[in-house]
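Visitor: Attaching a single structure in structure tokens format; questions to follow.
2 protein chains.
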Amino acid sequence: MNTVEYLREQGLKVTPQRIAIYSMLSNTKSHPSAEDIYKELLPTNPSMSLATVYKTLDSFKSIGLIQELSVGSGKNNYDADLSSHAHIVCLDCGNIYDLEVDISNQLNNIKDKIATEKSFIISHQQITFYSVCPTCKKS
Amino acid sequence: MNTVEYLREQGLKVTPQRIAIYSMLSNTKSHPSAEDIYKELLPTNPSMSLATVYKTLDSFKSIGLIQELSVGSGKNNYDADLSSHAHIVCLDCGNIYDLEVDISNQLNNIKDKIATEKSFIISHQQITFYSVCPTCKKS
DNA sequence: TTACCTGCAAAACATTTGCAGTTCT
DNA sequence: AGAACTGCAAATGTTTTGCAGGTAA
């Protein structure tokens, strides 16, 4: 599906800033913060402001185009990958990695259990594992 | 085990502020923020400062006496319950509830999978489900 | 045209830090 | 006595907000 059309469909205007932000976010696996995005786009978009990045991320989040992560670093991180996947945060360097392990069976299992034992209907979840990444383990 | 002794064992001094903070935290299921703790203790400890609450929570965290949660509210929340349990955050009121459902089987399953498929050794994890709590669903 | 968006600057929060004085051990 | 802790105030870092001008539809 087409992101440009989806934005219009949701009543959001399509601006160069928004295209740049979404395109950067959907082409990285690094889970950048608002400031990371701002700094990376600045060379090619010199007039971009940090406030616009924040506002845009907020708009994208409310129409479900991206997801926001809180892993305890003091800042939020953003992910355009909406598939239900977990993350691994390195306790040393702070990098956030996708957990490339299929946990859908276990997750569905838990959600079924919650549905039967509790009166909560889960909307979504955030699953974060903390570890030391292979690179940091070496040094 | 005795918390007072544990603090001394870990080289931390036992002060009235620390006792008040730990005692408050271990007697609640509300997962308070630093400021929540400060405000609740202020009537009985009028000289307590917010900076001390932050410093104390940080000390407690580093000796593994409490755990810090980041659920995306913009502030950190604290929990003296160290058992490996998940949380449910209400998308409406923001309250954080313990998920009183045993997910240890599924969790061990996932960790085993990570251990065999990836070279990450998991230290700990944070599992947060988002939903609307029964109270908010009514209104 | 008009409603929405951008960029700027200021404001609002959450958290950390430095320091002088106090309190545990 | 000595090291660590507290409280205060100032500083820091992240995110939000208000507003005037600009841009997409």
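As they're listed, the protein sequences go chains U and Z.
Residue numbering for the first sequence follows the working numbering, starting at 265 and increasing by one per position.
Residue numbering for the second sequence follows the working numbering, starting at 265 and increasing by one per position.
In this text, a Cβ means the ideal position worked out from N, Cα and C, and glycines have one as well.
Note that this is a predicted model, so its numbers are computed, not measured.
Considering only the alpha carbon of each residue, which of I367/U, D376/U, D366/U and I360/U lies closest to V365/Z?
Guide: What you label residue 365/Z is simply residue 101 of the second sequence in a count that begins at 1. Per the Cα distances, D376/U.
Visitor: What residues are listed by DSSP as bridge partners for N341/U?
Guide: Counting from 1 along the first sequence, the entry for residue 341/U is found at position 77. The partner list for N341/U (beta bridge, DSSP) reads S297/U and L333/U.
Visitor: Run through chain U and tell me which residues come within less than 8 angstroms of L355/Z, C-beta to C-beta.
Guide: Position 91 of the second sequence, counted from the first residue, corresponds to residue 355/Z. The answer, in chain order, is S387.
Visitor: My understanding is that M312/Z touches Q281/Z, with C-beta atoms under 8 angstroms, so please give their C-beta distance in whole angstroms.
Guide: Along the second sequence, one-based indexing puts residue 312/Z at 48. Along the second sequence, one-based indexing puts residue 281/Z at 17. M312/Z to Q281/Z, Cβ: 6 angstroms. Contact.
Visitor: Who does V353/Z pair with in a DSSP beta bridge?
Guide: Within the second sequence, the letter at position 89 stands for residue 353/Z. Paired residues: I360/Z and Y394/Z.
Visitor: Can you give me, in chain order, the residues of the segment 279-298 of chain Z that have a beta carbon less than 7 angstroms from any beta carbon in chain U?
Guide: Those would be none; no residue qualifies.
Visitor: Given a threshold of 16 other Cβ atoms within 10 Å of its Cβ, counted over all protein chains shown, does V268/U qualify as buried or as exposed?
Guide: Position 4 of the first sequence, counted from the first residue, corresponds to residue 268/U. It counts as exposed.
Visitor: Roughly how many whole angstroms lie between the Cα atoms of H349/Z and Q390/Z?
Guide: On the second sequence, position 85 is the one that residue 349/Z refers to. On the second sequence, position 126 is the one that residue 390/Z refers to. Spanning the two alpha carbons is a distance of roughly 8 angstroms.
Visitor: Taking CB distances under 8 angstroms as the criterion, tell me whether S383/Z reaches chain U.
Guide: As a first step, residue 383/Z must be located in the second sequence, where it is residue number 119. Yes, S383/Z counts as interfacial toward chain U.
Visitor: So M331/U contacts chain Z; which residues on that side make the cut at Cβ distance below 8 angstroms?
Guide: Within the first sequence, numbered from 1, the residue matching residue 331/U stands at position 67. A quick correction: the sequence has Gln, not Met, at residue 331/U. Neighbours of Q331/U on chain Z: none; closest Cβ ~10 angstroms, over 8 angstroms.
Visitor: Throw me the rounded Cβ distance for the C397/U and N373/U pair, which I believe falls under 8 angstroms.
Guide: Taking the first residue of the first sequence as position 1, residue 397/U is located at position 133. Taking the first residue of the first sequence as position 1, residue 373/U is located at position 109. About 28 angstroms separates the two Cβ atoms, so there is no contact after all.
Visitor: Closest to K293/Z by CA distance: which of D343/Z, S387/Z and C400/Z is it?
Guide: For this step, residue 293/Z is matched to residue 29 along the second sequence. Closest by alpha carbon: D343/Z.
Visitor: Distance check for V317/U and S326/Z, CA to CA, integer angstroms please.
Guide: The residue given as residue 326/Z occupies position 62 in the second sequence. The residue given as residue 317/U occupies position 53 in the first sequence. Distance between the alpha carbons of S326/Z and V317/U is about 34 angstroms.
Visitor: Please determine, among I367/Z, T392/Z and S368/Z, the residue with the shortest C-alpha to C-alpha distance to I352/Z.
Guide: One-based indexing of the second sequence puts residue 352/Z at position 88. I352/Z has its Cα closest to that of T392/Z, out of I367/Z, T392/Z and S368/Z.
Visitor: State the Cα-Cα distance for the pair L289/U and K319/Z, rounded to the nearest angstrom.
Guide: Indexing the first sequence from 1 puts residue 289/U at position 25. Indexing the second sequence from 1 puts residue 319/Z at position 55. In a straight line, the C-alpha of L289/U is about 36 angstroms away from that of K319/Z.
Visitor: Taking Cβ-Cβ distances shorter than 9 angstroms, what residues in chain Z pair up with S323/U?
Guide: Translated into positions along the first sequence, residue 323/U becomes position 59. By Cβ distance, chain Z contributes nothing, its closest Cβ being about 17 angstroms from S323/U, past 9 angstroms.
Visitor: Please confirm whether N341/U has its beta-carbon closer than 8 angstroms to some beta-carbon of chain Z.
Guide: In the first sequence, residue 341/U corresponds to position 77, counting from 1. With 8 angstroms as the cut-off, N341/U does not count as an interface residue toward chain Z.
Visitor: Does the beta-carbon of I266/Z have 16 or more other beta-carbons within 10 angstroms, so that it is buried, or is it exposed?
Guide: For this step, residue 266/Z is matched to residue 2 along the second sequence. First, the residue type needs correcting, since residue 266/Z is Asn and not Ile in the sequence shown. Under this definition N266/Z is an exposed residue.
Visitor: Using 8 angstroms for Cβ pairs, my map puts Y394/U next to S387/Z. What's the rounded Cβ distance?
Guide: The count along the first sequence starts at 1 and reaches residue 394/U at position 130. The count along the second sequence starts at 1 and reaches residue 387/Z at position 123. Right, the Cβ-Cβ distance comes to about 5 angstroms (below 8 angstroms), so this counts as a contact.
Visitor: Helix, strand or coil: which one does DSSP assign to Q274/U?
Guide: Here the question's residue 274/U lines up with position 10 in the first sequence. It is coil, neither helix nor strand.
Visitor: Please return the same chain residues whose Cβ sits closer than 7 angstroms to the Cβ of S323/U, not counting the five positions on each side in sequence.
Guide: Reading the first sequence from its first residue, position 59 is the one you call residue 323/U. Here the set comprises L276.
Visitor: Do you know whose CA, among N341/Z, L271/Z and L329/Z, lies nearest Y302/Z's CA?
Guide: Residue mapping note: residue 302/Z aligns to position 38 of the second sequence, counting from 1. The option with the nearest alpha carbon to Y302/Z is N341/Z.
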